[in-house]
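Asks: Quick note on numbering: our numbering labels position 273 of the sequence shown as 1308, and the sequence is numbered without any gaps.
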Amino acid sequence: MDIDTLIQVLDSSLRFATPLLLACLAGLYSERAGIFDIGLEGKMLAAAFLSAAVAYTSGSAWVGLLAGVGVAMGLALLHGVASITFRGNQLISGVAINFLAAGLSVVVAQSWFAQGSRTPQLAGAARFENLNLPFAEQLADVPLLGPLYSDLLSGHTIIVYLALLAVPATWWLLFRTRFGLRLRAVGENPAAVDTAGISVIRLRFSAVLICGILCGIAGAYLSTSLQAGFTKDMTAGRGFIALAALIFAKWRPWHALYTCLLFGFLQALALRPDLIENTLGFKVQVQLLDALPYILTVIILAGFVGKAIPPRAGGEPYVKER
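See the structure below:
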């Protein structure tokens, strides 16, 4: 495999990893606060639809992004009310959000645009444009570092760079700030946090709303950057893959980045079966390559990749003792 081909595969890996990374970080905030959220898939799907619909109607990708973030935050607030305020089962609430988003996105899309449950193709300002980093053209001819900078790192939409910046920002917020310390503590021992006079409910709602923001950006990326419009079930299980990546990363931001890049790499390989054939010397079925991320997800969830210990208070509603 030559350097140009390798950079093309890595470039595709970064694009495919971006929605996974955003959803994985979303789940990290929520689960670190003790709220399990398997509704990441539904929030991403709803955000993908509304982002594409509003971007097409308004002609602005940024307005579409705001709409996607808004609907994802609404669903996150619904999950918070069900699991925090009313102390309902967090898994059932997440499943309900997934079904709600899958059904409503199809029905509303058909009613709105009458194009077979999809939105019209986005073009121009309704899609996020690729950005060229400074000096990308001037450094393109530098051996090795030039292609890495100008072809791999440069030329992505702003959401890709936001996702990458979200990793150190999440690490700093969770491990270097008072808010992060309290957020992690409420996921481990909410009674101790409550005893210190800190509101457990406010912290958990803050976490699920941050989760909603990140899911909204991930969904908007799918329909306004990675693709040019919304199609039925376009998230294709990315929310569940992000949850598997979160477990593999053991609820740590930097490890989440590496894991999501691995999943993105597997998705990129599925688009280049010729590389597998040239490297291994035999042909691999395209269907098997497409299934690789899901097979890895099953392996992780089956517990074959080491022991992962979730936050101790995860999934349990907090009841204040009187």
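The beta carbon of each residue, even a glycine, is placed where N, CA and C say it ideally should be.
Going residue by residue through the region 1046-1117, where are the continuous alpha helix (DSSP H) segments of at least 4 residues, counting only ones entirely within it?
Replies: The qualifying runs are 1075-1093 and 1096-1115.
Asks: Give me the residue from Pro1345, Val1333 and Leu1310 with the minimum Cα distance to Asp1039.
Replies: Measuring from the Cα of Asp1039, the nearest candidate turns out to be Leu1310.
Asks: For Asp1268, count neighbouring Cβ atoms within 10 angstroms of its own Cβ and tell me buried if that reaches 16, exposed if not.
Replies: The residue in question, Asp1268, is exposed, as its Cβ has fewer than 16 Cβ neighbours within 10 Å.
Asks: When you compare each of Ala1291, Ala1277, Gly1069 and Leu1218 to Val1202 by their alpha carbons, which one comes out closest?
Replies: Ranking Ala1291, Ala1277, Gly1069 and Leu1218 by Cα distance to Val1202 puts Ala1291 first.
Asks: On the premise that Ala1161 lies in contact with Ser1258, defined as a C-beta separation below 8 Å, what is that separation, rounded to the nearest angstrom?
Replies: Actually they do not touch by this definition, with Cβ atoms about 10 Å apart.
Asks: Any chance the CB of Phe1317 is under 6 Å from a heavy atom of the ligand PLP?
Replies: Here there are no bound small molecules, and the ligand PLP is not part of this structure.
Asks: Going by C-alpha distance, which of Leu1113, Val1142, Phe1148 and Ser1152 is nearest Ala1131?
Replies: Ranking Leu1113, Val1142, Phe1148 and Ser1152 by Cα distance to Ala1131 puts Leu1113 first.
Asks: Would you report the Cα separation of Arg1347 and Ser1093, rounded to the nearest angstrom?
Replies: Spanning the two alpha carbons is a distance of roughly 45 Å.
Asks: Just the C-alpha distance for Ala1171 and Asp1186, rounded to the nearest angstrom, thanks.
Replies: Taking the straight line joining both Cα atoms gives about 8 Å.
Asks: Within the continuous alpha helix (DSSP H) that includes Thr1314, where are the two ends?
Replies: Looking at the DSSP string, the run of the alpha helix (DSSP H) that includes Thr1314 is Pro1308 to Leu1315.
Asks: Does DSSP put Leu1179 in a helix, a strand or coil?
Replies: In this structure, Leu1179 counts as coil in the three-state DSSP scheme.
Asks: Where does Leu1166 fall in DSSP's three states?
Replies: Correct three-state label for Leu1166: strand.
Asks: Grab me the residues of Asn1165's own chain with a C-beta within less than 7 Å of its C-beta, minus the 5 sequence neighbours each way, in chain order.
Replies: Excluding residues within five positions, the ones whose Cβ falls inside 7 Å are Gly1190, His1191 and Thr1192.
Asks: What does the Cβ neighbour count give for Gly1254, buried or exposed, with the cut at 16 atoms within 10 Å?
Replies: With 16 or more Cβ atoms within 10 Å of its Cβ, Gly1254 is classed as buried.
Asks: Assuming the contact rule is C-beta atoms closer than 8 Å, Leu1060 and Thr1205 should be a hit. Round their C-beta distance to whole Å, please.
Replies: Yes, Leu1060 and Thr1205 are in contact; Cβ-Cβ is about 5 Å, under 8 Å.
Asks: Kindly list the residues whose CB is nearer than 6 Å to the CB of Leu1249, restricted to its own chain and excluding five residues on each side of it in sequence; keep chain order.
Replies: Cβ neighbours of Leu1249 beyond the five flanking positions: Leu1057, Leu1060 and Ala1061.
Asks: Nearest CA to the CA of Gly1151: which residue from Val1143, Ala1068 and Leu1110?
Replies: Of the candidates Val1143, Ala1068 and Leu1110, the one whose C-alpha sits nearest the C-alpha of Gly1151 is Val1143.
Asks: Could you give the C-beta distance for Tyr1064 and Ala1242, rounded to a whole number, given that I count them as a contact under 8 Å?
Replies: Right, their Cβ atoms sit about 5 Å apart.
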